Amino acid sequence: MSVIPVLVKREFTSRVKGTAYILTTVIGVLVFVGLSFLPPIMQRISSSFAPKSIELAVLDHGAEPSLVPFLLELSGEREGLSVRDVSGWDEVEAYRLVLEEDLSGLLLVDGPLCTLVTPDSKNVVLNDEIKNVVNQAATRWRAAELGLTQAEMESLFQAVDFRIREVAPQQGDSGEVDGAAQAQAMVLAYFLLFMIYMALIMYGNMVATGVAEEKSSRIMEVMVSTVKPLELMFGKIIGVGALGLLQFVIWVSTGLIMALLGRTGFLGMMFGLTEPLSSIPLTSILWFGLYFLLGYFFYASIFAAAGALVARVEEVSQVVSLLMMFIMVGFFAAYISFLNPNSNLAVAASLIPFTAPMVMFARIVLADPPLIQVAASVVIMLLSILVGTWFSSKIYRIGILLYGKRPSLRQVAQLLKG
Amino acid sequence: MSLVVAEITKRFRDVTAVDQLSFTVKEGSLFGFLGPNGAGKTTTMRVILGILKPDEGQVTWQGRPFDRLPRGFYGYLPEERGLYPKMRVVEHLEFLGRIHGLDRMRARRETTRWLERFELGSVSRKRVEELSKGNQQKVQVIGTMLHDPELLILDEPFAGLDPVNAGLLKEVLLEAHGKGKTIIFSSHRMDQVEEICQDIALINLGRLVLHGNLRHIKRSMGRQILRLNLEGNRDFWARIPGLQLLEERADYLEFRLDGSVDPNLVLAEAMEAGQVIHFELVEPSLDQIFVEKVGAGA
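Chains as they are written, first to last, in the numbering used here: chain A, 816 to 1233; chain B, 7 to 304.
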């Protein structure tokens, strides 16, 4: 009978009750619950940024005719906008008025030049809104000078009904693209990507630390006298991987339950939400699982080898930091791929084993990459896992019995040759 | 029918830890493996266990290479003890039993039995890290013997045990010996080796210095120790060549006799010098052999 199941079980049971594991699992559940409330939350957030009311004082330095009447006209029509004409005042007095009555700002009009004097120049949203109002007034002013009627003006500014459809060589026209849905998909994809990134770092570290602990507690000697190093390494990788998988199943179940509740409208009723709840597409979840596993098994053996090279647990972080860099590069490459999922960089990065788990996942969720590229990335990952495991097991085998000074990179290379 | 270590050599970079080392351990024997610190004992044990591959030579058991033996054939107690600190004692022992090839039921049964034998029943639910050093040591000894291995390789098994537990361990080892198990253990406590071993190997600087049956070795040393006491002229011995005074005590004088000296002649001379009260010929102790052999070589 193989000894690996015994090793896996020990690895699993000794960690599953750990505080760190329980904590990350709970946080993940909260994130998934939070994701379901994404549309209402985003709505709340954007509305909380919008200025509630604009109170503007206008001081006109120039000659007639002027913008001011049109601003006053707008203030009657637009909700939340009030304009007060202070033309003829002293500028300093006008400033004082703005500060004392807590107005949004003072607009100095001098012919075509408008200057906003505001106590809060950093409030970009408010300033933009004021700029809009001023532009609108200016448009009316010019229209009036040209003698345009209200109807003529409306037709002049009638927006085009602009839609986006995507066409692919195989499927033909895939139908209309929903802009809002795409924005939502991007946020979801970003969260899932971030979880892959976190999980790779967390579980990679767990493997490396575990190996270093076995070395520093010297249990390793007993183990290698009866268990083959390769079995020992696989026992650890699979055991920690099982922890990751369990966590993944818990998170996904949370997502599915939330989606189900969202569909029945139960949650909407409970929290008095009018906006629909989003649900993470099932296919995205499955891709998430696949690329997490591929990425984990690729990185885990390398982390195990790294852990085998140190004599004390405290040194793990030094060796592991290099590997974390690779994962970070993958994360940023995936992040950049978000902007253009089919760029050359994104395609290349989705085929390199160090970055593929994150970049390819991001591309799949966002852009339906060609099937051949998806298949290629999976095959490349599988081959890399084999090569990486073989390579790492050689370092691991030698490293686990090395005590004392940590070997240099050159010595590691020599070990690999020998 | 034995374990044969045949001309093994193990180098680490430019250091030769073990150099052309050969010895034989008879099946069912209690074998003492001796040598000063840094002599290469641990490296040799690791080669025997297959943890390290020798650069030259090989280790065979009954003619078969060692790496094809079934799991659980041997039990190994490393010099630097190690257990998973967070595991509970019972879980840990069951785990060790299982990786040595026991099924779940048997691992559980043996764990209970051994914990009772070593009087650890009260701490069996505790975590390993909560145990005293001595108790951790006992847990580790149990972990080595739990699966009833044919070959026990123990690196300094008595180190860190109080006299009561050392006695218990000795009893357990003798019991295993009685069941025909082969036991190799290293120690620097020569009295313990003398007490329970039949065969020994003494190595120094990676090379074999002495090997064989302990009694034969003692005899073949070519010299004996003489303890003598008499009332009268204690200085008579200066006249006899080949006699070297080791120690002068109130109750006796201790001499080393060269191979060429006839003890009867010494007795005759002594009787002339006075009233002989004590005359005893003893074999050299392992301690003395050790110091002599290693001291000369080191």
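No residue lacks a Cβ here, since even glycine has one placed at the ideal position from N, Cα and C.
Every value quoted in this text rests on a predicted model; they were computed, and no experiment measured them.
Residue i versus the options, residue with shortest Cα-Cα distance
{"i": "D20(B)", "options": "N239(B), R123(B), D61(B), E260(B)", "result": "D61(B)"}
{"i": "F827(A)", "options": "D900(A), M1021(A), N1159(A), S1207(A)", "result": "M1021(A)"}
{"i": "I148(B)", "options": "D168(B), E125(B), L9(B), R131(B)", "result": "E125(B)"}
{"i": "A1182(A)", "options": "D900(A), A1000(A), N950(A), L912(A)", "result": "A1000(A)"}
{"i": "A1123(A)", "options": "L1008(A), F852(A), K1209(A)", "result": "K1209(A)"}
{"i": "L292(B)", "options": "D268(B), L220(B), K92(B), P247(B)", "result": "L220(B)"}
{"i": "Q250(B)", "options": "N239(B), F296(B), A182(B), S266(B)", "result": "S266(B)"}
{"i": "I1142(A)", "options": "A1161(A), V1193(A), M1013(A), P927(A)", "result": "M1013(A)"}
{"i": "A1191(A)", "options": "P1172(A), A974(A), D925(A)", "result": "P1172(A)"}
{"i": "G1056(A)", "options": "F1113(A), F1009(A), S1068(A)", "result": "F1113(A)"}
{"i": "L1008(A)", "options": "E908(A), E1130(A), S868(A), I1179(A)", "result": "I1179(A)"}
{"i": "I246(B)", "options": "G166(B), R104(B), E200(B), L273(B)", "result": "L273(B)"}
{"i": "E154(B)", "options": "N239(B), F191(B), Y80(B)", "result": "Checking the displayed sequence, the identity of residue 154(B) turns out to be Asp instead of Glu. For the residues N239(B), F191(B), Y80(B), the minimum Cα distance to D154(B) belongs to Y80(B)."}
{"i": "V1067(A)", "options": "G895(A), G833(A), V844(A)", "result": "V844(A)"}
{"i": "E1028(A)", "options": "V948(A), G1110(A), E870(A), S1132(A)", "result": "S1132(A)"}
{"i": "E275(B)", "options": "T117(B), F37(B), R240(B)", "result": "R240(B)"}
Bridge partners - residue i, DSSP secondary structure assignment
{"i": "A1163(A)", "result": "DSSP lists no partner for A1163(A)."}
{"i": "S8(B)", "result": "K32(B)"}
{"i": "L896(A)", "result": "I869(A)"}
{"i": "L259(B)", "result": "L234(B), E254(B)"}
{"i": "G280(B)", "result": "G238(B)"}
{"i": "D875(A)", "result": "V924(A)"}
{"i": "I14(B)", "result": "L27(B)"}
{"i": "L40(B)", "result": "L208(B)"}
Neighbourhood of residue i by C-beta, 6 Å cutoff - its chain only, sequence neighbours within 5 removed
{"i": "A207(B)", "result": "F29, F39, H217"}
{"i": "G1025(A)", "result": "K1051"}
{"i": "L9(B)", "result": "V31, W67"}
{"i": "A304(B)", "result": "In this predicted model, A304(B) has a pLDDT of only 42, less than 50, meaning its place in the structure is not dependable enough to derive any value."}
{"i": "F101(B)", "result": "none"}
{"i": "V65(B)", "result": "V11, I54, F72"}
{"i": "G127(B)", "result": "L121"}
{"i": "G248(B)", "result": "D264, S266, V267"}
{"i": "V901(A)", "result": "A872, L874, A909"}
Residues that residue i contacts on chain A, provided the C-beta gap is smaller than 9 Å
{"i": "F124(B)", "result": "By Cβ distance, chain A contributes nothing, its closest Cβ being about 17 Å from F124(B), past 9 Å."}
{"i": "G140(B)", "result": "Within 9 Å Cβ-Cβ: nothing; G140(B) doesn't reach chain A, min ~17 Å."}
{"i": "I57(B)", "result": "E1036, V1039, S1040, L1216"}
{"i": "G63(B)", "result": "Near G63(B) there are no residues of chain A at all, since even the closest Cβ is about 18 Å away, more than 9 Å."}
Chain B residues whose Cβ lies nearer than 9 Å to that of residue i
{"i": "L1213(A)", "result": "Looking at the sequence shown, residue 1213(A) is not Leu but Ile. Chain B residues near I1213(A): none, gap ~10 Å exceeds 9 Å."}
{"i": "S829(A)", "result": "Y90, K92, M93, E97"}
{"i": "V1022(A)", "result": "None at all; the shortest Cβ gap to chain B is about 16 Å."}
Spatial neighbours of residue i in its chain, beta-carbon cut-off 7 Å, leaving aside the 5 residues before and after
{"i": "H284(B)", "result": "R233, L234, N235, Y258"}
{"i": "G41(B)", "result": "K47, L208, I209, N210"}
{"i": "F164(B)", "result": "A172, L175, S193, R195, Q198"}
{"i": "Y836(A)", "result": "R830, L1058"}
{"i": "A1121(A)", "result": "A1023, V1134, V1135, L1138"}
{"i": "G63(B)", "result": "A12, E13, I14, T15"}
Under 8 Å from the C-beta of residue i: neighbouring residues of chain A
{"i": "F101(B)", "result": "V821, R825"}
{"i": "I148(B)", "result": "Residues of chain A passing the Cβ test: none, with the nearest at roughly 12 Å."}
{"i": "G78(B)", "result": "T1041"}
Chain-ordered neighbours of residue i on chain B, where CB pairs are closer than 8 Å
{"i": "S1032(A)", "result": "G88, L89, Y90, P91"}
{"i": "S1116(A)", "result": "Here the premise fails: no neighbours, minimum Cβ distance about 21 Å."}
7 Å Cβ cut-off: residues of chain B touching residue i
{"i": "S1208(A)", "result": "What S1208(A) touches in chain B: nothing, since even the nearest Cβ is about 15 Å away."}
{"i": "V1189(A)", "result": "The premise fails here: V1189(A) is roughly 40 Å from chain B at the closest Cβ pair, so nothing lies under 7 Å."}
Nonlocal neighbours in the same chain, by C-beta distance under 8 Å from residue i, ignoring five residues either side
{"i": "R17(B)", "result": "A23, D61"}
{"i": "F1153(A)", "result": "M1001, A1004, Y1005, A1177, L1181"}
{"i": "G877(A)", "result": "V924, D925, G926"}
{"i": "H98(B)", "result": "L89, Y90, V134, V145, G149"}
{"i": "V848(A)", "result": "T1069, M1073"}
Closer than 7 Å at the beta carbon, the chain A residues around residue i
{"i": "R133(B)", "result": "Near R133(B) there are no residues of chain A at all, since even the closest Cβ is about 11 Å away, more than 7 Å."}
{"i": "R104(B)", "result": "V821"}
{"i": "V82(B)", "result": "Residue 82(B) is actually Tyr in this sequence, not Val. The answer, in chain order, is V1037, S1040."}
The ligand MG heavy atom lying under 7 Å from the CB of residue i
{"i": "R19(B)", "result": "As for the ligand MG, it is missing from this structure, which has no ligand bound."}
What alpha helix (DSSP H) runs, 4 residues minimum, are completely inside the stretch 63 to 87 of chain B?
-> Counting whole runs of 4 or more residues, the stretch 63 to 87 of chain B contains no alpha helix (DSSP H) stretch at all.
Complete alpha helix (DSSP H) runs within the stretch 210 to 257 of chain B (minimum length 4 residues, chain order) = Taking only runs of at least 4 residues, the alpha helix (DSSP H) segments lying wholly in the stretch 210 to 257 of chain B are 220 to 226.
Where are the beta strand (DSSP E) runs, 3 residues long or more, that stay fully inside the stretch 123 to 203 of chain B, in chain order?
-> The stretch 123 to 203 of chain B contains these whole beta strand (DSSP E) runs: 157 to 161, 188 to 192.
Note down, one range per segment and in chain order, each alpha helix (DSSP H) of at least 4 residues found wholly within the stretch 916 to 985 of chain A.
-> If we require 4 residues or more, the alpha helix (DSSP H) runs fully inside the stretch 916 to 985 of chain A come out as 939 to 961, 965 to 971.
Mind listing which residues of the stretch 11 to 34 of chain B have their C-beta closer than 7 Å to chain C's C-betas, in chain order?
-> Absent from the structure is chain C; the protein chains it does hold are A and B.
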